[in-house]
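**Student:** First the structure, then my questions, so here it is.
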Amino acid sequence: MPSAPIPHNDQERVAALKSYHILDTATEKDFDELAELASVICNTPIALISLVDKNRQWFKARKGITDSETDRALSFCAYAINKPDEILEVEDAREDARFVDNDLVTGDLNLVFYTGVPLVDENGYALGSLCVIDQERKKLNNMQRSALKVLANQVIDKLTLRRKVIELQEAQNRNLRLNKLLITKQQEAMQIIKNTPMAMALHTGIDMTIVFANDMMLNAWGKDEKVFQLPFNIALPELAALDFPSTMRRVYRTGIRYEQNEAHMTYSHFGILKQFYYNYAFTPLINEDGKVWGILNTAIDMTNVVRNRLAAESAEQQLRLAVQSADLGTWYINAQTREFIPSSKLKELFGYRHDDALSYEAALMQITEDYRAKVAAAVEATITQGEAYDIEYPIVGYRDKKLRWVRATGRLYKSGNDNETAHFSGTIADITERKEDEQRKNDFIGMVSHELKTPLTSISGYTQLQLVRASKNDDKQGQELAIKSKRQIDRMQALITGFLDVARITEGKIMLNKTDFDIAVIIKTVQDELLAIHNTHKLNFNFFEGVKIQADQDKVEQILVNLINNAVKYSPQGTVINIKCSTKGNDAFIAVTDHGIGVNDIDQTNIFKRFYRVDNTQTTLISGFGIGLYICKEIVERHGGKIGVDSKIGKGSTFWFTLPLLPVAEINNSHIHLKA
Ligand code: ADP
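FYI, the numbering for the sequence shown is 7 to 682, going by the numbering used here.
Put into structure tokens, the structure is as follows:
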């Protein structure tokens, strides 16, 4: 059985057929009716709309058979499509060499008669055929043939129409998808604008209608979303008064962006007249035709930045004036590069001329040798550890060789982790006069105290004698007078000793006579001594034995007596004073706590300085010279210990000091030694 020849353009033909999206679709009434009509008109039991696929023929409509497709090799229609312009008529297949042994002819279907009209589309592709089939010999008349052609045209029309509907639907779906995408993109753009950390608004039309503004812009305007879709003038009359709309209109007209930095403006913001600084821009938005369709309004609030800068500038100017009028020298050292920039005044203090070059090393060399290392160490501690810098030292002028005392104060300036701009700077003042005054005062105090000491010792002796004599004579009044005199002489002697101590300290002549001892020994002595004197306060001693130190016993006793006497002096009668001794790490820790007037934070930093006394209504009636704590501090520090105060005004104070403990090895050794 010969198969129907395959048309030369079969590949394109099959592609054309596929473009109708008809193969393997469900039956459709329209096509079924056309097949029915063909069968009725041609008076055949079978009518088919057959579409010839690559390897099969598939029936879109079938009347009289149940199979939905057959192999292409069996297909009569495959013959029909070879001649698109002709009707294929087979009156009796049994007599046709092409079909005589075709399964459809010899098999159950028993096909005898076949007539098919090719279904040719607008591009000339024969997609299949509309055919009628009978099981007996037959011939169509002209009317039937023409009707079959008309029906075939109808099939093609329907196929074409159906394809158009599908294409239309696809286009519609595509449009829907695009619309959705557009909306999503628009929403994304809005979201970006909404969350941009910059005030943004979109204006369109010549009246600058507000299409959209993000929260930052609404806040800058002092408005809410009610201004959307309103013209600028109506929505924002406060800003319209500042002439923004006319600037925007110019941008609209010219298409040239307008920009302002740190523009200063004053307008009513949420009903309050306020000043602002803004960096803002009006950017023209241009469409495909090159026309401006809107304006993007962007703004950054610079108010705080500008205000801070202005404040810093004004503070800097004030500082410069203050430095100038106080006749202070200044310096700058870059913490990283160690570049040193001294002011003219600083050069002058170091004995240099204004136009002389002065390096940091050269400056150090002008400091007297005994202070040089201390100053260099303080500078290093400030630069590397950020420690406060406040130091007094003498300089010998480079050219004039004059001795000057200066006080230098400064600090490290550093913002965050920025090491490049970190710098150490400060001011330096000439304190020579003050130092000379102090020196004169010291010399005078030292001399007077020394001169007073001898006669006072004699007076003390005479008083002692008087007391003995009065006791012998049973002269009660004489005894009492002698005791009172003795008390006053003791006070005076204590004062003179204090002044002499100060003089010795300033001249660096204080001597320590160190021995190893248990601190409990001192506390017991002080306890016995002071309990007898101070019956106005309740003294509580709390200590244990075995806290051993190596120190000047008399001087440590002097510190403790001083702190307890102060506690008595500066707290109301009848209150409790606790004296406690314990250990803290490698130190002995001694604390005196009272419930007295207390010391404020500022005074706390000063009371250990020489001659410093707190000046307030509570202290004016209490006598003193402000040297006790100074002497204590010097003695403690000479021992390698620390002294300090924790205090609250009106609540009381704890004055404490530490002294290094004797190392355990030494204690053990001395123990063995004693036993031996
Ligand atoms: P003086 O007591 O002679 O003035 P000090 O050097 O002992 O000198 O003390 C300095 C200052 O510290 C005192 O003038 C006083 O104001 C304050 N001060 C010392 N001890 C106490 C204390 N326990 N409570 C309150 N203030 C004190």
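All residues carry an ideal CB built from backbone N, CA and C; glycine is no exception.
(1) Would you mind working out which of Trp411, Ile465, Gly261, Glu457 sits nearest glutamate 439, comparing C-alpha positions?
(2) Looking at the structure shown, is threonine 76 part of a helix, part of a strand, or coil, going by DSSP?
(3) With three or more beta-carbon pairs closer than 8 Å as the criterion, would you say the stretch 51 to 71 touches the stretch 35 to 42?
(4) For tyrosine 636, count neighbouring Cβ atoms within 10 angstroms of its own Cβ and tell me buried if that reaches 16, exposed if not.
(5) Grab me the residues of lysine 24's own chain with a C-beta within less than 8 Å of its C-beta, minus the 5 sequence neighbours each way, in chain order.
(6) Taking only the alpha-carbon atoms, compute the straight-line gap between glutamate 444 and valine 474 and give it to the nearest angstrom.
(7) Taking contact to mean at least 3 C-beta pairs separated by less than 8 Å, is the stretch 503 to 522 in contact with the stretch 445 to 454?
(8) Might you give, ordered along the chain, the residues of its own chain that have their beta carbon closer than 7 Å to the beta carbon of proline 251, omitting 5 neighbours on each side?
(9) Would phenylalanine 549 pass as a contact of alanine 573 if the rule is Cβ separation under 8 Å?
(10) Quick check on arginine 183: does DSSP put it in helix, strand or coil?
(11) Can you tell me which of the three DSSP states valine 106 falls into?
(12) Please return the same chain residues whose Cβ sits closer than 6 Å to the Cβ of alanine 476, not counting the five positions on each side in sequence.
(13) Grouping DSSP H, G and I as helix and E and B as strand, with all else coil, what is threonine 309?
(14) Is any non-hydrogen atom of ligand 1 found closer than 7 Å to the C-beta of leucine 627, if you look at the structure I gave you?
(15) Opposite isoleucine 278 in the DSSP bridges: which residues?
(16) Looking at glutamate 656: is its Cβ nearer than 8 Å to the Cβ of glycine 591?
(17) Check whether the Cβ of valine 605 sits closer than 7 Å to any heavy atom of ligand 1, and report yes or no.
(18) Keeping to the same chain, check which residues put their C-beta closer than 8 Å to that of aspartate 30; ignore five residues upstream and five downstream.
(19) Check the C-beta distance from serine 135 over to alanine 86 and give it rounded, since I have them as a contact under 8 Å.
(20) Could you check if lysine 654 belongs to the surroundings of ligand 1, using beta carbon to heavy atom distance under 7 Å?
(21) Do you know how far the Cα of threonine 623 is from the Cα of serine 491?
(22) Closest to valine 385 by C-alpha separation, out of His360, Leu364, Asn340, would be which residue?
(23) Which word fits phenylalanine 105, buried or exposed, when buried means at least 16 other C-beta atoms lie within 10 angstroms of its C-beta?
(24) For histidine 677, count neighbouring C-beta atoms within 10 Å of its own C-beta (all shown protein chains included) and say buried if the count is 16 or more, exposed if not.
(25) In angstroms with no decimal places, state the Cα-to-Cα distance between arginine 263 and histidine 209.
(26) Strictly by DSSP, which residues pair up with alanine 247?
(27) Going by DSSP, what residue range makes up the alpha helix (DSSP H) through glutamate 486?
(28) Does the distance between the C-beta of asparagine 584 and the nearest non-hydrogen atom of ligand 1 fall short of 7 Å?
(29) Could you give the distance in angstroms between the alpha-carbon of valine 567 and the alpha-carbon of isoleucine 529?
(30) Using CA coordinates, which residue listed in Gln559, Arg497, Ala382 is at the minimum distance from threonine 521?
(31) Short check: CB of threonine 309 to CB of tyrosine 283, under 8 Å?
(32) Quick check: does the Cβ of alanine 573 come within less than 7 Å of any heavy atom belonging to ligand 1?
(33) What's the C-alpha gap between asparagine 148 and arginine 180?
(34) Considering only C-alpha positions, which residue in the set Lys60, Ala10, Ser9, Leu325 is nearest to glutamate 18?
(35) I think aspartate 609 touches tyrosine 576, with their Cβ atoms under 8 Å apart; what is that distance to the nearest whole Å?
(36) Looking at leucine 364 and lysine 351, is the spacing between their C-beta atoms short of 8 Å?
**Tutor:** In this structure, then:
(1) Minimum Cα distance to glutamate 439 is reached at Trp411.
(2) Strand.
(3) Cβ pair count under 8 Å is three or more, so yes.
(4) Buried.
(5) Within the same chain, no residue comes within 8 Å of lysine 24 by CB-CB distance, once the 5 residues on both sides are set aside.
(6) Straight-line Cα distance between these residues: approximately 43 Å.
(7) Yes, they touch.
(8) Around proline 251, the same chain offers Met214, Phe238, Asn239 as residues with beta carbons nearer than 7 Å, after the five sequence neighbours per side are excluded.
(9) Note that the C-beta distance between phenylalanine 549 and alanine 573 is not below 8 Å.
(10) Correct three-state label for arginine 183: helix.
(11) When secondary structure is reduced to three states using DSSP, valine 106 falls in the coil class, being assigned neither helix nor strand.
(12) Cβ within range, chain order: Gly484, Gln485, Ala488.
(13) The answer is helix: DSSP assigns threonine 309 an H, G or I state.
(14) Because no heavy atom of ligand 1 lies under 7 Å away, the Cβ of leucine 627 does not count as near it: no.
(15) According to DSSP, isoleucine 278 shares a beta bridge with His275.
(16) The amino acid occupying residue 656 in the given sequence is glycine; glutamate does not appear at that position. With respect to the 8 Å criterion, glycine 656 and glycine 591 are not classified as neighbours on the basis of their beta carbons.
(17) Yes, ligand 1 has a heavy atom inside 7 Å of this Cβ.
(18) Result list for aspartate 30: Trp64, in chain order.
(19) The Cβ separation is near 4 Å, so the contact holds.
(20) Answer for lysine 654: no, Cβ out of range of ligand 1.
(21) Those two C-alpha atoms are separated by around 30 Å.
(22) When His360, Leu364, Asn340 are compared, the shortest CA-CA separation from valine 385 is found for Asn340.
(23) Around the beta carbon of phenylalanine 105, a 10 Å sphere encloses 16 or more other beta carbons of the protein chains shown; the residue is thus reported as buried.
(24) Since pLDDT at histidine 677 reaches only 45, below the 50 mark, its modelled position is unreliable, and the value read off the structure follows with that caveat. With fewer than 16 Cβ atoms within 10 Å of its Cβ, histidine 677 is classed as exposed.
(25) Roughly 14 Å separates the two Cα atoms.
(26) None; alanine 247 has no bridge partner.
(27) 482 to 512 is the span of the alpha helix (DSSP H), which, as asked, contains glutamate 486.
(28) No, the beta carbon of asparagine 584 sits no closer than 7 Å to any heavy atom of ligand 1.
(29) In this structure, the CA atom of valine 567 is about 9 Å from the CA atom of isoleucine 529.
(30) Measuring from the Cα of threonine 521, the nearest candidate turns out to be Gln559.
(31) In contact: threonine 309 and tyrosine 283 (Cβ atoms closer than 8 Å).
(32) In this structure, the C-beta of alanine 573 approaches ligand 1 to less than 7 Å from one of its heavy atoms.
(33) Taken atom to atom, the span from the alpha-carbon of asparagine 148 to that of arginine 180 is near 48 Å.
(34) Cα-wise, what sits closest to glutamate 18 is Lys60.
(35) 12 Å between Cβ atoms; not a contact.
(36) The beta carbons of lysine 351 and leucine 364 sit no closer together than 8 Å.
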